[in-house]
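Start counting the sequence shown at -1; every next residue gets the next number (the working numbering).
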Amino acid sequence: MSLLYKIGNNPIIAAVRKPEDIEAALDSRVENLFFMGCNVKEIIQAVRLTKECKKGAFVHLDLIRGLSSTDKESVDFISDYVGADGIVTPKSHLIKEAKRVGLYGILHLFVIDSAALHNGLKAAGNVEPDAIELMPGAIPKIIRSFAETLEHIPIVASGLIQTKTEAGESLQAGATSLSVSDPALWNCSFDDLQ
C-alpha cells in the first residue's frame, strides 16, 4: 500500500512526544501517530497499543532514547521487535534500510535557508522516500516548492503549526497531512481546516 493512502485520509498525524500523551492520541480522530520521544521500552508498548487501536505507528529514530540514529540495526529493531509501520529520519541511508525490511521510510528535512531547500529537494529526489516530513511546517512557500517538484511523494508538514488557520494554509500549499503535537488539533478534519 502506498503511504499516501495510509496518511492521506486524515489531515492530522499526532506527534507524540511523551508517553502520557499516547492515550489522548489514541482516543482522538487521528489515524496515525509519529512517536517523537520515549525510550526503547516505552516505544515498544506505545506501538503495541497503537496497533491494537488499528492506527499507524511511525518512529522518529533520532528522538527515541536508547536507539542509535545512525545504525541500520535500529531499523531492524523497529521492524523485528517494535512492529511500527515506518520510521522518520533525516538520514538517507536509513530510508533505504527501511525499504529493505518492509517499513515505510519518511525523510525528515529541516529547511532553514535556500541551501537547505536545494539540498533537501536533491536528497529526496535521489533516495525516493515514501514521504517527506518538512520542518518547519508553517511555511507554505517551502511546502509548495516540495509539492510541485516532487509531486509523487506525500508531504507531511511538521513544526510550528499551532492554529487551524496555519494548518489550513499548510494543506493548501500542498501538504498531504500535518504532524502536530497540540492535542487541540488532533480531532480536526479536512473540512475543519478549510
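Cβ coordinates follow ideal geometry from the N, Cα and C atoms, glycine included.
These numbers come from a predicted model, not from an experiment.
So, with DSSP's three-state summary, where would you put residue i?
i: T163; result: helix
i: V80; result: helix
i: A44; result: helix
i: H150; result: coil
i: E131; result: strand
i: V194; result: What is shown of the chain runs -1 to 192, which leaves residue 194 out entirely.
i: V57; result: strand
i: K109; result: The sequence given here places Val at residue 109; Lys does not occur at that position. In this structure, V109 counts as coil in the three-state DSSP scheme.
Would you mind sorting residue i into buried or exposed? The rule is 16 or more other CB atoms within 10 Å of its CB.
i: M133; result: buried
i: H91; result: exposed
i: S199; result: The question about residue 199 has no answer here: the residues shown for the chain are numbered -1 through 192.
i: K120; result: exposed
i: F188; result: exposed
i: G123; result: exposed
i: K39; result: exposed
i: Y79; result: exposed
i: L169; result: buried
Along the chain, where does the beta strand (DSSP E) containing residue i start, and where does it finish?
i: L115; result: Run containing L115: none in the beta strand (DSSP E); it sits in the alpha helix (DSSP H), S112 to V125.
i: S90; result: Where S90 is concerned, there is no enclosing beta strand (DSSP E), although the alpha helix (DSSP H) it sits in stretches over S90 to R98.
Go through its chain and collect everything with a Cβ distance to residue i's Cβ below 7 Å, but skip five positions before and after it.
i: R15; result: M34, G35 and S179
i: I76; result: V57, A82, I85 and L101
Starting from residue i, trace the alpha helix (DSSP H) in both directions and tell me its first and last residue.
i: L183; result: Element bounds for L183: n/a, residue is neither H nor E.
i: L176; result: Segment S175 to V178 is the beta strand (DSSP E) holding L176; no alpha helix (DSSP H) there.
Once you ignore the five residues that flank residue i on each side, which residues in its own chain have a CB closer than 6 Å to its CB?
i: E126; result: none
i: F108; result: M133
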